[in-house]
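Peer 1:
Numbering (our numbering), first residue to last: 812 to 1035.
#1: If I measure Cβ to Cβ from residue 827 and keep anything under 7 Å in the same chain, skipping five residues before and after, which residues do I get?
#2: Helix, strand or coil, according to DSSP, for residue 1002 in the structure here?
#3: Taking 7 Å as the limit between beta carbons, can you name the residues of its chain near residue 1009, skipping five residues before and five after?
#4: Assign residue 929 to one of three DSSP states: helix, strand, or coil.
#5: Determine whether the beta carbon atoms of residue 941 and residue 817 lie at a separation below 8 Å.
#6: Using 8 Å as the Cβ pair cut-off and three pairs as the minimum, do the region 873–884 and the region 851–860 touch?
#7: Return helix, strand or coil for residue 864, following the three-state DSSP convention.
#8: Assign residue 897 to one of three DSSP states: helix, strand, or coil.
#9: For residue 902, which three-state DSSP category applies?
#10: Compare the C-alpha of residue 853 against each of 868, 863, 864 and name the closest.
#11: Just the Cα atoms here: how many angstroms apart are residue 883 and residue 834?
#12: Can the beta-carbon of residue 850 be found closer than 8 Å to that of residue 890?
#13: DSSP beta-bridge partners for residue 885?
#14: Identify whether residue 853 lies in helix, strand or coil by the three-state DSSP scheme.
#15: When you compare each of 885, 877, 898 to residue 863 by their alpha carbons, which one comes out closest?
#16: Tell me which same chain residues have a C-beta within less than 8 Å of the C-beta of residue 885, skipping the five on either side of it?
#17: Of the residues 1017, 1015, 1002, which one's Cα is nearest the Cα of residue 1029?
#18: From this set, 896, 1033, 848, 1021, which residue's C-alpha is nearest residue 906's C-alpha?
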């Protein structure tokens, strides 16, 4: 029961870690970055951000110039908000300040998001370890049995050796001890002890119910 509970806790911790990383990434890539990208690429968004009601955004590109350090050509852009009377209002600096402000907001949110992500990343291996430990405990408690190959002895009885992670039980030895008790006539007390040991082995998961029933019957048969 404890092993299964521990494994369940481990799975929950893994889920929390994965969900937390997803949420942190969504927060980092969320509103500020989306608004910044939209402002940089969408003329309608720039107009709504920079111009007043009744004004239209006008962007004038300067001549193309070669940048020797980067090996590329580029041109300057001047932005105006133009009203119905054709009067222009230069908003280039306003656009630049807006971009800088939004990029700064992204970096302000980056540190807490990174710290949160580190915590969630740590939760995942912790959950994996808890799950593995829980499964190991659960397996040991369930007493997984590996059956040996049955061998017919010279006495006519079938020998079964059973072992698992909790220990080893030689069922043939238990039967032989019962036969020895009959030969020495040690009384019913030892028989009760042997049957109790056999029952304890079954309860501990060292032998299966089928092996218990078969061995118990063979012990009783030796006393007839």
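Every residue gets a Cβ at the ideal spot worked out from N, C-alpha and C, and that includes glycine.
Peer 2: Well, looking at it:
#1: 934
#2: helix
#3: 985, 1023, 1026, 1027
#4: helix
#5: yes
#6: no
#7: coil
#8: coil
#9: coil
#10: 868
#11: 39 Å
#12: no
#13: 876
#14: coil
#15: 898
#16: 875, 876, 878
#17: 1002
#18: 848
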